[in-house]
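Q: With the sequence shown counted from 1, adding 383 to any position gets you this note's numbering. Here it is, the structure in full.
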Amino acid sequence: MDLLSPYTVANIPILELLRNLGLGIIIAVIWAFIIGKSTRIIVDTKQYLPIFLMLIPGMILIITIIKSSIALSLGLVGALSIVRFRTPIKEPEELLYIFIAIAVGLGLGANQVLPTIIAFAVICIVMIPYMFDRKKELRGISTFADIVLMKEDKKVNLDEIKNLLEAKKTPYKIKRLYENEERIEALFEFPKFDSKLFEEISNTLKNSGIKYEIAFSDNARVIT
Numbered sequence: 384m385d386l387l388s389p390y391t392v393a394n395i396p397i398l399e400l401l402r403n404l405g406l407g408i409i410i411a412v413i414w415a416f417i418i419g420k421s422t423r424i425i426v427d428t429k430q431y432l433p434i435f436l437m438l439i440p441g442m443i444l445i446i447t448i449i450k451s452s453i454a455l456s457l458g459l460v461g462a463l464s465i466v467r468f469r470t471p472i473k474e475p476e477e478l479l480y481i482f483i484a485i486a487v488g489l490g491l492g493a494n495q496v497l498p499t500i501i502a503f504a505v506i507c508i509v510m511i512p513y514m515f516d517r518k519k520e521l522r523g524i525s526t527f528a529d530i531v532l533m534k535e536d537k538k539v540n541l542d543e544i545k546n547l548l549e550a551k552k553t554p555y556k557i558k559r560l561y562e563n564e565e566r567i568e569a570l571f572e573f574p575k576f577d578s579k580l581f582e583e584i585s586n587t588l589k590n591s592g593i594k595y596e597i598a599f600s601d602n603a604r605v606i607t
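In structure tokens:
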């Protein structure tokens, strides 16, 4: 009857657990490296390594323990039912990275070492082409300057800004132009961000005595 008791906890092979934890740490390092080279999200990719170094071994430990006891399994379900995420994950791509890390932890924790390693290797092979595509995508990121000029009974136009850009031989496109009795709004597109260009445009507008607003942004997919 003791074997059927929900409070019976089986002995956990320590060497087996250590092996799985070691594999989990190695996979965490590899997975963080691949994400850092292939992700399309503009984010600090260094944050993934410490997350995976805790997440994957943690999942291995949890699954190793609860698979030996029904009571512990039910207790885990009850504990997870009260967990709430205050900050939701905004990008499906980031959610997928975490899901794969959890899947690896589950597989190793269930002692399915070979299937887990094979599946992870296949995923890594599939991700390799994206490691080269990311460089192309980063080169395709454009910078936008949103400029607002207040008229205030003054003759206001974009000539000074255009002359500055042409003098510096800076390629640009005017993506949007709006004007009314109070102000002029223009959206410039540049091939890359240049902090010196931002300062020079600001100084040019400041010296002209025109009240202005200027904001630089890009078209990258950013996680905040």
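All C-beta atoms, glycine included, are put in the ideal place defined by N, C-alpha and C.
Since I believe LEU489 is in contact with MET442 (beta carbons under 8 Å), could you give me their beta-carbon distance rounded to a whole number of angstroms?
A: 6 Å between Cβ atoms; contact.
Q: Cα separation between MET510 and LYS420?
A: Taking the straight line joining both Cα atoms gives about 9 Å.
Q: Smallest Cα separation from VAL539: which of GLU565, PHE515, LYS556, ILE397?
A: Considering only alpha carbons, the answer is GLU565.
Q: I'd like the span of the beta strand (DSSP E) that includes GLU572, first residue to last.
A: That run of the beta strand (DSSP E) goes 566-573.
Q: Check LEU560 in the structure and name its three-state DSSP category.
A: In this structure, LEU560 counts as strand in the three-state DSSP scheme.
Q: In chain order, what residues of the same chain have a beta carbon less than 8 Å from the beta carbon of SER600, not counting five sequence neighbours either side?
A: Taken in chain order, the residues that qualify are THR526, PHE527, ASP529.
Q: Helix or strand or just coil, what does DSSP make of LEU521?
A: Any reading at LEU521 must be qualified, since the residue scores a pLDDT of 48, below 50, and its modelled position is unreliable; the value itself is stated next. DSSP places LEU521 in helix when its eight states are reduced to three.
Q: What is the residue span of the alpha helix (DSSP H) that VAL487 lies within?
A: VAL487 -> alpha helix (DSSP H) spans 475-492.
Q: Please tell me whether ILE584 and LEU547 are closer than 9 Å, where the distance is taken between their beta carbons.
A: Yes.
Q: Compute the Euclidean distance between the alpha carbons of VAL496 and ASN403, then round it to the nearest angstrom.
A: C-alpha separation (whole angstroms): 8 Å.
Q: What's the C-alpha gap between ALA415 and MET437?
A: Cα-Cα distance, rounded: 12 Å.
Q: Taking all protein chains shown into account, do 16 or more other C-beta atoms lie within 10 angstroms of the C-beta of PRO440, making it buried, or fewer, making it exposed?
A: Buried, because 16 or more other Cβ atoms sit within 10 Å of the Cβ of PRO440.
Q: Count the other C-beta atoms from every protein chain shown that fall within 10 angstroms of the C-beta of LEU398, then say buried if there are 16 or more, exposed otherwise.
A: Label assigned to LEU398: exposed.
Q: What is the DSSP secondary structure of TYR555, reduced to helix, strand or coil?
A: Reduced to three states, the DSSP call for TYR555 is coil.
Q: Rounded to whole angstroms, what is the Cα-Cα separation between THR428 and ALA504?
A: Distance between the alpha carbons of THR428 and ALA504: 21 Å.
Q: I'd like to confirm the pairing. Which residues does DSSP put opposite SER600 in its beta bridges?
A: DSSP, once it has assigned bridges, lists PHE527 as partnering SER600.
Q: Would DSSP call LEU398 helix, strand or coil?
A: Of the three classes helix, strand and coil, the one that applies to LEU398 here is helix, per DSSP.
Q: So is GLY405 buried or exposed if we call it buried at 16+ other beta carbons inside 10 Å?
A: Under this definition GLY405 is an exposed residue.
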